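First the structure, in the form of structure tokens, and then the observations on it.
Number of protein chains: 2
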Amino acid sequence: MSLVVVGSVALDTVTAPAGSVRDALGGSAVFFATAASLFCPVGVVGVVGDDFPEAGRRLLADRGVDLEGLETVKGGATFRWEGVYHDDLNQRDTISTELGVFETFEPKLPDSYKATQVAFLANIDPKLQLRVLDQLEAPRFVACDTMNLWIDIARDSVCEVLGRVDGVIINDQEAKQLTGLSDTVRAARAVAEMGPRVVAVKKGEHGCLLLADGAWFAGAALPLENVVDPTGAGDTFAGGFMGYLAGADVGDPAAFRRAVAYGTVLASFACEGFSLEGLVPVTREDVEARLAEYARLISLDG
Amino acid sequence: MSLVVVGSVALDTVTAPAGSVRDALGGSAVFFATAASLFCPVGVVGVVGDDFPEAGRRLLADRGVDLEGLETVKGGATFRWEGVYHDDLNQRDTISTELGVFETFEPKLPDSYKATQVAFLANIDPKLQLRVLDQLEAPRFVACDTMNLWIDIARDSVCEVLGRVDGVIINDQEAKQLTGLSDTVRAARAVAEMGPRVVAVKKGEHGCLLLADGAWFAGAALPLENVVDPTGAGDTFAGGFMGYLAGADVGDPAAFRRAVAYGTVLASFACEGFSLEGLVPVTREDVEARLAEYARLISLDG
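Chains as they are written, first to last, in the numbering used here: chain A, 561 to 862; chain B, 561 to 862.
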């Protein structure tokens, strides 16, 4: 396997000004793998109940996503999340979170995943992230995400993970919470001091601030005029970022700038539809065309 | 005169985590002119009382800022503003605003200013901005700023100004308020539809989104690790932007991308000290060196 992701596989019910979907494919590992599979084969480590739809499994498998690591718990319920976005799509309310089988998730890597070169530990309990790290044999590049809950209740474990990974992809609020600093730039620097050589701080509509091997890259976001549903945009960003890196020289600091650009491009597609609707029709050619658009967007020469 | 600015000339009292200053030089026209004077001669149209310090006048004149348009009202008081920044420098409280002679400001352009090629109408009553436009003979490029107050109480006049200028440099909150739209991208598009061919939406620490002749440029901000005082950063941005344009081909859409870059660089210097302390020591060579740093910051190649 070129790339392995460990995270949630969920069914999302989302309402936004443009409409709504019920029990649609979601979860960090699903958005990540859908994006990353445009670059290379991806193995998913996660858990679902036997209520998880066969069509979802097929959609992923048809994209080259390997599901050997996706455990199915007989009689269990798949993780379900329901949220409502405001007119300002930066604001959302969570209506319900039903963890189901995800509550007792214990990630086990199939033997064929253990030699993966690149891995992403999406937002799960940092104690589980540590157990995944223990199962990886000789990865070239491992990155993680986390969330406010774990920083609140398991900060030491989050720090232990950060001391063992090569990269971290988190949002600005998480970086500030983790470091106790009120500005993003100093927070990113402080996160890097906790261990990872690559820190990507996601700022939503404001793009991504990257600190890679001590050098900054300020990656703007694409100016999106028709955002339908931002759910999963951050995980999709990570999928584009890590998917690109799986085929890149991670010894070259400039590779991480390109990774941010690919992450930004993939996230922009994800926002254009509910659930995976924005991502599924996208080809690698579409990605390259939008990457060229992105390069023009940030070019001083136009 | 190459470039004329019409705006406030003030004495600022500022408290921030790094310290404080009392009755220091400030005001939109002062920050603008201090930045723009690194590029070309700048004429200031404004008003002060006879309490305005001679040292302030000398500091500006020594930089090539022409003060023929700066009216002095005998027995009048210069505009004074006092503010306090929070630990998070994005938050500030205004303690007091004493308009003084600025309350009855009536901008009169000296004859030597009327043929200026480039002009900036900083944040003043839009009815006064219109009267300045009437005094300009054949400008190549005129841009304006505004603020929430005028959008609230004189929206029609703000729109009339926008119908007559070539460019507008406003912040994201103002763009949203003016258009009634909740996202910056659509708001920028809607502002452009009101008339100006160039719309620069300032987003503070998140940089500047530019829409110039229908093409987007997403200009990131420099990652500043030692912000002392952000007062005047927006006007300084405008000074760098317009100062660069005064010597550029405004028929070339790419010129506006460079203008954003220069504005960003100048604003970054302004934030590094109280009042004009960050800007005054800066040479044109310092500007070019930081511009090169900015170009690397946003480059996909590192």
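Positions of the beta carbon are idealized from the N, C-alpha and C atoms, including for glycine.
All figures in this text were calculated on a predicted structure; none of them were measured in a lab.
- With respect to the 7 Å criterion, A/Leu857 and B/Ala778 are classified as neighbours on the basis of their beta carbons.
- A residue is called buried when at least 16 other Cβ atoms come within 10 angstroms of its Cβ; B/Gly723 does not meet this threshold and is exposed.
- Note that the C-beta distance between A/Phe829 and A/Val842 is below 7 Å.
- For A/Ile858, the chain B residues whose Cβ falls inside 7 Å of its Cβ are Ala778 and Ile858, in order along the chain.
- Taken in chain order, the complete alpha helix (DSSP H) segments of 4 residues or longer contained in the segment 693-772 of chain A are 708-713, 715-722, 732-739 and 744-753.
- Under the three-state reduction of DSSP output, B/Val820 falls in the helix class.
- Per the coordinates, the alpha-carbon of A/Asp611 lies some 10 Å from the alpha-carbon of A/Leu571.
- Between A/Phe797 and A/Ala752, the CB-CB gap reaches or exceeds 7 Å.
- The beta-bridge partner set that DSSP reports for B/Asp572 consists of B/Ala584 and B/Trp641.
- Going by C-alpha positions, A/Arg582 is about 35 Å away from A/Ala852.
- As DSSP reads the structure, B/Leu681 sits in a beta bridge with B/Val566 and B/Cys704.
- For A/Ala778, the enclosing beta strand (DSSP E) begins and ends at Ala775 to Gly779.
- The C-alpha of B/Val702 lies about 35 Å from the C-alpha of A/Ala849.
- For A/Thr796, the uninterrupted alpha helix (DSSP H) run begins and ends at Ala793 to Ala806, by DSSP.
- The residues Gly803, Tyr804, Ala806 and Gly807, in chain order, have a CB closer than 7 Å to that of A/Phe599 in the same chain once the five nearest residues on each side in sequence are set aside.
- For the pair A/Val728 and A/Pro756, the Cα-to-Cα distance works out to about 7 Å.
- Within the DSSP bridge table, the entry for A/Glu658 names A/Arg640 as partners.
- Using a 10 angstroms sphere on the CB of A/Asp622, the tally of other CB atoms stays under 16, which defines it as exposed.
- Taking a C-beta distance under 7 Å as the contact criterion, B/Gln695 and B/Leu669 qualify as a contact pair.
- In this structure, A/Arg640 sits near A/Glu658, with a CB-CB distance shorter than 7 Å.
- Contact annotation for A/Pro756 against chain B: no contact, minimum CB-CB distance about 17 Å [criterion: below 8 Å].
- Taking the C-beta atoms as reference points, B/Ser562 is found no nearer than 7 Å to B/Asp795.
- Under DSSP, the beta-bridge partners assigned to A/Val605 are A/Val566.
- B/Val566 sits close to B/Val605, with the two beta carbons spaced by under 7 Å.
- Using a CB distance below 8 Å, the part of the segment 727-760 of chain B facing chain A consists of Ser742, Asp743, Thr744, Val745, Arg746, Ala748 and Arg749, ordered along the chain.
- Between B/Arg817 and A/Leu860, the CB-CB gap stays under 7 Å.
- Close partners of B/Leu826 in chain A (Cβ separation under 8 Å) are lacking, with about 16 Å as the shortest Cβ gap.
- For A/Glu765, the chain B residues whose Cβ falls inside 8 Å of its Cβ are Asp743, Thr744 and Val745, in order along the chain.
- Around the C-beta of B/Gly767, 16 or more other C-beta atoms lie within 10 Å, and the residue is accordingly described as buried.
- Of the residues B/Val758, B/Ala855 and B/Gly603, the one whose Cα lies closest to the Cα of A/Trp776 is B/Ala855.
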